[in-house]
Structure formats: C-alpha cells, structure tokens
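Per numbering that gives the first Met the number 0, the sequence shown starts with residue 0, numbered consecutively.
The beta-carbon is built from N, C-alpha and C at its ideal position, and this holds for glycine as well.
In what follows, a single structure is set out as structure tokens and then discussed.
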Amino acid sequence: MKPSIVKAQPADVLKDASMIKQKQMMAAHYDRLTSAPQTGEKVASTFVPGNLNELIMCFDLVNNLPEVNAIQSGLRKQSGQYIMEAERAGHSEDVCTYVKSDIGMMMKGNIGPNGKELPKPDVLLLSYTGCFTFLKWFELLREQYKCPTIFLQTPYMADGKVTPNMIQYMVKQFKETVIPTLEEVSGVKFDIDRLREYLKKSAQAEDDLVYILQTGKNKPSPIDAYFGGIYYIGPIFGAFRGTDDAIDYYKFLREEVDERLLKGLGPVTPDGPMGEEKYRLVVEGPPNYTSFRQFWKMFYEEGATVVASSYTKVGGTYDYGFRHDPDRPLESLAEYCLGVYTNRSLPMRIDMLTDYINEYEADGLLINSIKSCNSFSAGQLLIMREVEKRTGKPAAFVETDLVDPRYFSAANVKNRLESYFQMVEQKRSGKGVAA
C-alpha cells in the first residue's frame, strides 16, 4: 500500500496512513486484551520504560500497560472523571495523574477504550527504571488484585555508565526471580531461542524507528518528533516490539516519511500538511493528552516543528546505538532497561538535549513541565539553564499536566509560546539574549 494522507472521521482530523494503521493495531490489541477471560490467555501488567515485551511473549502472556490506558483515557477526555473519583477515595492532588486515572478507571468498572472491561492481571511485572511512582502504583495494584508481583531492580545510571556488574546483577534477577515466576504463572517453560527470535525482530524495527526519528535533521523536517512522535513510538514502546506487526508498521512508516522527504514536505498535522517551517524545536517532557490536538495546534499554527524530543526516548534510547541483541539475550534486556530515559541522570539528560539542539540545528529548547510527574519535572530548571548555556540557544517553560484537564490553561500556554517564539526571533536577529 502506498503511503498517503487519509481523511479520518469524525471531527475532520487529517491523519497519515501510518497513524490510521497504528490506531488499528492498538484497537486489535485492546480487543485481544479484553477477550482474555474468554480465550484463556493470561495477562501481565507492566510499564513502558523497561518494558520486557519480548520476554513476556515467551510465556504467551498478553501485555497490559496501565500508563497507556491512562493516556487513552486522557485522549478520550475521560481521565478527568477518573482522577476525581480517585481523589474522592483519598488520593492526593499531588499524586501522578496517570496513577489516579488508572485507579479511578478501575473504580468505575475498568472499561477500556473499546468499551469493554479490561481483565484482571495474572502477574504484575515492574522493571524499575528510575520512576519511583511505579513502585507505589504497583503496590496499589497488588493490593487490588492479589496477584504475583515481580520486581526487577534496574541500577540507576548516576555516573552515566553501564558497568558489567550492573548487567550481571540484572541477569541474575532474570534467572533467579523473573523467569521462574513467569513460568509458574503462565505454565509455559522458558525457551531462550524463542526470546532470541523476538529480539532479532525488535532490532529490525528499531533500525527503522531510528531512521525515522533522525529524518528530523532535514529542513524542513518531514516529521514532528513530539506530537507525531507519539504515534510513531506507540507500537515499539508497547505490546508490539518483537513482532512481525512492528516490523511491518515501521517499514510502512519509513516509506511514508521518505515520500514526504522526497517532496520536501513537512509533517502532517490534524488540520492538514504543515505550512512553512519557521521554528525548529527540541522539547523536553511528556505532552498533555487531555487537550492534545489543541496543544499541537499552538505549535503548527506558528510554524513550529519539534525536530527531536526526550519523551520519545522513554521506551528506549535507540538513537544512541542500543539494539536488542539475540546473541546476548538476557544481557541485552538488562542493557535496554538501564538505558531508557527515565533511568538516565540529569547530566546525561542535559547532554542528550544539548546534542539534539546541535545535531538537529534547532532554534532552542522548550520544556513542558508536568505538574504531577516528578520523574520528568525534577531538575528541569537546571536542565533548561545548562542547555541554554551550552548551546547559546533560548530555552523556556510551559506548564501543563499529563491527563488532568484542570491543569491545562490554553491561554497561558499560548501566551508563553508566543513569547518564546519572539525570544527566538530576537536571538536570531541579535537584538536580545535568552531570558
């Protein structure tokens, strides 16, 4: 099928053919997930950073991602009521809104985006990669579901290096705790050759993803690596990495991006093809999902394209060279968990964002500071000032939240963005310095 732009109904939203394909893949996965009680398949709940999808598939388990469920609730504008439900039950306003959306959704029937009830997990698999909230989240889920819980401890990369001892420590956990528990829960014996085959497929899809993200170095960029990037990372950061479906999707997406690149076109927005590229930005922090289209529109109406972002690295920093390696299967899984963005120290994050601004020839850094996400927001002022100092490019903040509509002020965000673009113009003309 030749890549093209497809008119999607309702709401007159234009989407790439790849976006439609991704949506269909996600819908099929949710149908499989909600059918698990009927099919007899068992379910593993886990998180995106450090997601061990290849290992999960070795035990015929269906992957359920609570944070993705929260994102889906935000996009469908249902997360607000779920968050209020959780707060009425005693959860603080300061708690991560992903958690409250998930807890509130459970309290109101646990209905997934396909309108069907999500199944209870048979096992909770936490590959801890730097976000402390995940620990507390799974404690709540363990209390709710009374199912086995696996905790895979990933050493924090405080000094920016992966050591042999770190890898050995994690491989030991795989052998002594993770794999035996998954065997017990699933009734399926672990087959390392099966894992190797999945890892081989992962690496193939990862090659294409890196190619796609790095097309942002072109002028104009054929992609938006933040808003459009949300669609791009969905399959590989979730339940499809290691599958033929992921290989097919990223091949299709690559062809689509190459077509735009050949024609000198920018990314496709919900209102049609991007106009003139006036600003090239690097963005730090997750997006706001409850007003996702409105938020995106504030950028493309100003001619601003995000050419690189840190958020598209939460499920793997593949552009820094990592690939899943079938010749070192367990060691490779350990290295993957160690390298994800949430497990990287502040100096490593600063280095990454600085590299992106220089390599992608961006006009500056914009930080979307998330009220309830300490994993991202802690240290962002330091990040902003240091990146600004190293690159000489202006940096600025906007403030929203993940899936809580109460913390998205369109007027405030728009004013800050307009001020930032003026700052960029002043910097270009030499009339002002970054504030």
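Using a Cβ-Cβ cut-off of 7 Å (strictly less than) and excluding sequence neighbours within five positions of residue i, which residues of its own chain qualify?
i: D30; result: N113
i: L194; result: E53, L54, C57 and P328
i: E275; result: G302
i: A204; result: I235, R240, A245, I246 and Y249
i: Y317; result: E205, L208 and V209
Drop a sphere of 10 angstroms on the beta-carbon of residue i, count the other beta-carbons inside from all chains shown, and report buried for 16 or more, exposed for fewer.
i: P48; result: buried
i: G284; result: buried
i: R87; result: exposed
i: G89; result: exposed
i: P163; result: exposed
i: F131; result: exposed
i: R167; result: It is Gln, not Arg, that sits at residue 167 in the sequence shown. Label assigned to Q167: exposed.
i: Q23; result: exposed
i: R384; result: exposed
i: N414; result: exposed
i: K107; result: exposed
i: E387; result: buried
i: K171; result: exposed
i: A361; result: buried
i: A26; result: exposed
i: L51; result: buried
i: L140; result: buried
i: S418; result: exposed
Residues in its own chain within less than 8 Å of residue i by CB, not counting five upstream and five downstream?
i: P346; result: G159
i: Q421; result: none
i: A35; result: K41, V42, V61 and P118
i: K180; result: Inspection of the sequence shows that residue 180 is occupied by Thr rather than by Lys. The residues are V122, P147 and I149.
i: Q80; result: G103 and K107
i: K76; result: T289 and P404
From residue i to residue j, what distance separates their C-alpha atoms?
i: V282; j: I356; result: 10 Å
i: G302; j: G391; result: 22 Å
i: K145; j: K119; result: 10 Å
i: P325; j: P272; result: 40 Å
i: R142; j: L329; result: Checking the displayed sequence, the identity of residue 142 turns out to be Glu instead of Arg. Rounded to whole angstroms, E142 to L329 spans 30 Å at the Cα level.
i: P404; j: S308; result: 23 Å
i: D244; j: V67; result: 19 Å
i: K1; j: Y278; result: Interpretation of K1 is limited by its pLDDT of 44, a score under 50 that renders its predicted location unreliable; the figure taken from the coordinates is listed afterwards. Going from the Cα of K1 to the Cα of Y278 covers about 30 Å.
i: P266; j: Y230; result: 12 Å
i: Q21; j: I70; result: 15 Å
i: N373; j: Q379; result: 10 Å
i: Y249; j: L54; result: 21 Å
i: R427; j: G363; result: 11 Å
i: P154; j: V339; result: 12 Å
i: L64; j: A410; result: 33 Å
i: L381; j: I369; result: 15 Å
i: Q152; j: S126; result: 6 Å
i: G186; j: E196; result: 21 Å
i: S3; j: M169; result: Reliability of the predicted coordinates at S3 is poor, the pLDDT of 46 falling under 50, and the value obtained from them is presented with this limitation in mind. When rounded, the distance between both Cα atoms is 44 Å.
i: E183; j: E116; result: 26 Å
i: N109; j: S91; result: 21 Å
i: L416; j: F298; result: 8 Å
i: I211; j: A224; result: 9 Å
i: K296; j: M165; result: 43 Å
i: M18; j: F226; result: 12 Å
i: K14; j: V98; result: 29 Å
i: D270; j: Q293; result: 11 Å
i: S408; j: S331; result: 42 Å
Would you mind working out which of the options sits nearest residue i, comparing C-alpha positions?
i: D400; options: M83, P36, Y127 and T96; result: T96
i: W136; options: Q293, I102 and M165; result: I102
i: G320; options: L123, V209 and T132; result: V209
i: V306; options: I222, P269 and G314; result: I222
i: K199; options: L64, R389 and R327; result: R327
i: K218; options: Y359, A410 and S44; result: Y359
i: S78; options: D318, T132, D59 and G111; result: G111
i: N367; options: T176, K216, E183 and L280; result: L280
i: S437; options: V94, A204 and G227; result: Limits of the chain in this structure are 0 at one end and 434 at the other, which puts residue 437 out of reach.
i: T214; options: L124, G228 and Y419; result: G228
i: T341; options: A157, E424, I211 and S418; result: A157
i: E424; options: F407, A394 and Y406; result: A394
i: A377; options: I349, H28, T353 and K388; result: I349
i: T311; options: Y299, A27, S331 and M351; result: M351
i: I178; options: K216, D59 and G429; result: D59
Among the residues of its own chain, which have a CB less than 6 Å from the CB of residue i, if the five just before and after it don't count?
i: V412; result: V397
i: G73; result: Y288, T289 and V402
i: R322; result: A202 and E205
i: T128; result: P48, G49, T153, C336, V339, T341 and N342
i: K173; result: According to the sequence provided, residue 173 is Phe. The question's Lys does not apply to it. Same-chain partners within the cutoff: L329.
i: T45; result: L124
CB of residue i to nearest heavy atom of the ligand ZN: below 7 Å?
i: D223; result: Among the components modelled here there is no ligand, and therefore nothing to report on the ligand ZN.
- Message: Across the region 241-259 and the region 32-43, are there enough close Cβ pairs to call them in contact, namely three or more that are closer than 8 Å?
- Response: Segment contact: the region 241-259 against the region 32-43, fewer than three CB-CB distances shorter than 8 Å; contact not assigned.
- Query: Quick check: the region 258-276 against the region 325-335, are there 3 or more CB pairs under 8 Å?
  - Reply: Because the criterion of three Cβ pairs below 8 Å is not met, the region 258-276 and the region 325-335 do not touch.
- Check whether the region 224-234 touches the region 190-200, taking contact to mean three or more Cβ pairs, one atom from each stretch, closer than 8 Å. Touching, no, given that fewer than three Cβ pairs across the two stretches are closer than 8 Å.
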